[in-house]
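S.K.: Questions regarding the structure given below will be posed in turn.
Numbering (UniProt numbering), first residue to last: 1 to 336.
Right under this line is the structure:
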C-alpha cells in the first residue's frame with residue numbers, strides 16, 4: 001500500500017493545519033481514467049487519528065484486488081480532525097490559545113474536511129475532488145462529520161456513504177448525556193505523559209483494558225501516531241489533549257445536528273449503515289430509533305456486527321473491511 005502525506009497549512013482566515021494521507025496500490029494506477037473508480041474519504045473517531053484506518057484499508061485493498069472483484073478504488077484519503085493526531089500536534093498552541101478553537105466540535109471537523117477537499121487543486125497531488133467519484137466513510141465522530149459535510153457550501157457530491165456507529169440520538173441530546181459524562185470522566189482520568197512508546201503499548205495491553213481487544217495493527221498505529229514527544233519535558237503526550245477530548249464529548253449539537261443532514265441525503269444517495277451489536281457506548285434503543293422505518297430514514301443496507309460494540313475499526317477491522325467492500329460493490333444509482 002502506497003502512502004503519501006499532505007499538510008494543508010493555515011491561512012489568514014483559518015489558523016489550523018490539516019494533515020491527511022493518501023493510500024493507493026500500484027496496480028490501481030491503471031484505473032485512474034475510469035470515471036467509475038471510487039475515491040474514498042475516510043474520517044476517524046474521537047481520541048484517534050487518520051492512521052487508525054490503515055488496517056481496515058489494507059484489508060479493503062486486499063478484497064478489491066481479489067480475482068473477480070468489480071470494485072475500482074482509485075485512492076483513499078484519510079483526514080485528521082485538526083485537534084487529533086499529527087494535526088493536533090501541529091495545532092497544539094493555536095488550539096490552546098485561540099478562542100474559536102479551545103472548544104472543538106463535530107461541525108468543526110466537517111469544516112476542516114471541507115476546507116481540505118476544497119484546497120485539493122492546490123495540493124502537491126493536484127486533486128480536484130469535485131471531479132471525483134467520491135465515497136464517504138466515517139466512524140463515530142467521523143460519521144457525524146461526514147453527514148454534516150453535506151450542508152457546507154459549496155457541497156461536495158458523494159455517490160454513496162458508509163456510516164459506522166454514528167454517535168447520534170434521534171430522540172434528543174439528553175439520551176447521550178450519560179454516555180458523554182462517562183467519556184468525560186474517563187478522559188479526565190487518563191494518563192497525560194509517558195516515557196516511551198514501549199511503555200504505552202504495555203499499558204494498553206493490560207488485561208481488562210478495552211484497548212487489549214484492539215487489532216494489534218490498530219494498537220501499533222495508535223502508539224506510533226497518537227502521541228508526540230514534548231520538547232520541554234522529553235515525554236510522550238497524546239496529541240489530542242485532555243481538554244480537547246473533553247470538548248468533543250460535550251458537543252451536544254454534534255449528537256443531533258447530523259440527523260438533519262442524514263434525513264435529507266438518505267433519499268438522494270445510498271447510505272449504508274454499520275452498527276455494533278454490543279451496546280457498550282450507544283444504547284440499543286437509540287440504534288432502533290435510528291433505523292425505525294417510521295422515521296422516514298432510508299438505508300441502502302443495515303449491518304449489525306456481532307461480538308463487537310462501538311469501536312468497530314479498532315476491534316474488527318478485517319470484518320469491517322469486508323462489509324465496506326460489499327457496500328461499495330453494490331451499485332445503487334444516486335437519486336439526485
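Cβ coordinates follow ideal geometry from the N, Cα and C atoms, glycine included. Keep in mind the model is a prediction, meaning the values are calculated, not measured.
1. Nearest-angstrom Cα distance between residue 99 and residue 17?
2. Rounded C-beta distance between residue 81 and residue 141? I'm assuming under 8 Å.
3. So, using beta-carbon positions, are residue 286 and residue 171 closer together than 8 Å?
4. For the beta strand (DSSP E) that residue 133 lies in, which residues bound it at each end?
5. According to DSSP, simplified to helix, strand and coil, what is residue 53?
6. What residue range is occupied by the uninterrupted beta strand (DSSP E) comprising residue 4?
7. Please work out which residues of its chain come closer than 7 Å, Cβ to Cβ, to residue 315, disregarding the five sequence neighbours upstream and downstream, and give them in chain order.
8. Tell me whether the region 50-60 and the region 92-109 touch, counting them as touching only if at least three CB pairs, one residue from each stretch, are closer than 8 Å.
9. Decide if residue 27 is buried, meaning its Cβ has at least 16 other Cβ atoms within 10 Å, or exposed.
10. From the DSSP output, in three-state form, read off residue 106 for me.
11. Quick one: what does DSSP say residue 78 is sitting in, helix, strand or coil?
12. Taking residue 22 and residue 6 to be in contact with their CB atoms under 8 Å, please state how far apart those CB atoms are, rounded to whole angstroms.
13. Could you check if residue 267 is buried or exposed, using at least 16 other CB atoms within 10 Å of its CB as the buried criterion?
14. Out of 244, 73, 9, state which residue places its alpha-carbon closest to the alpha-carbon of residue 33.
15. Between the Cα of residue 209 and those of 43, 241, 190, spot the shortest distance and give me the residue it belongs to.
16. Look at the alpha carbon of residue 259 and the alpha carbon of residue 168, and state the distance between them as a whole number of angstroms.
M.R.: Put simply:
1. What you label residue 99 is simply residue 99 of the chain shown in a count that begins at 1. What you label residue 17 is simply residue 17 of the chain shown in a count that begins at 1. If I take the Cα positions, the gap works out to 16 Å.
2. Taking the chain shown and counting its residues from 1, the one referred to as residue 81 is at position 81. Taking the chain shown and counting its residues from 1, the one referred to as residue 141 is at position 141. Rounded, the Cβ-Cβ distance is 7 Å, consistent with contact.
3. Mapped onto the chain shown, residue 286 falls at position 286. Mapped onto the chain shown, residue 171 falls at position 171. For residue 286 and residue 171, yes; Cβs fall inside 8 Å.
4. Here residue 133 refers to the residue found at position 133 when the chain shown is read from its first residue. Note, residue 133: beta strand (DSSP E), 133-139.
5. Within the chain shown, numbered from 1, the residue matching residue 53 stands at position 53. Residue 53: helix per DSSP, three-state reduction.
6. Against the chain shown, residue 4 aligns to sequence position 4. Here the beta strand (DSSP E) through residue 4 covers 2-8.
7. Here the question's residue 315 lines up with position 315 in the chain shown. Closer than 7 Å at the Cβ level, and outside the excluded window around residue 315, lie 213, 214, 215, 308.
8. no
9. Sequence index remark: in the chain shown, residue 27 carries index 27 (1-based). Exposed, because fewer than 16 other Cβ atoms sit within 10 Å of the Cβ of residue 27.
10. Counting from 1 along the chain shown, the entry for residue 106 is found at position 106. Residue 106: helix per DSSP, three-state reduction.
11. Taking the first residue of the chain shown as position 1, residue 78 is located at position 78. Three-state result, residue 78: strand.
12. For this step, residue 22 is matched to residue 22 along the chain shown. For this step, residue 6 is matched to residue 6 along the chain shown. Indeed, because the Cβ distance is near 7 Å, the residues count as touching under 8 Å.
13. Taking the first residue of the chain shown as 1, we reach residue 267 at position 267. Exposed, because fewer than 16 other Cβ atoms sit within 10 Å of the Cβ of residue 267.
14. Working through the chain shown from its first residue, we reach residue 33 at position 33. Of 244, 73, 9, the residue nearest in Cα terms is 73.
15. Indexing the chain shown from 1 puts residue 209 at position 209. With distances taken between Cα atoms, residue 209 lies closest to 190.
16. Within the chain shown, residue 259 is the residue found at index 259, counting from 1. Within the chain shown, residue 168 is the residue found at index 168, counting from 1. Distance between the alpha carbons of residue 259 and residue 168: 7 Å.
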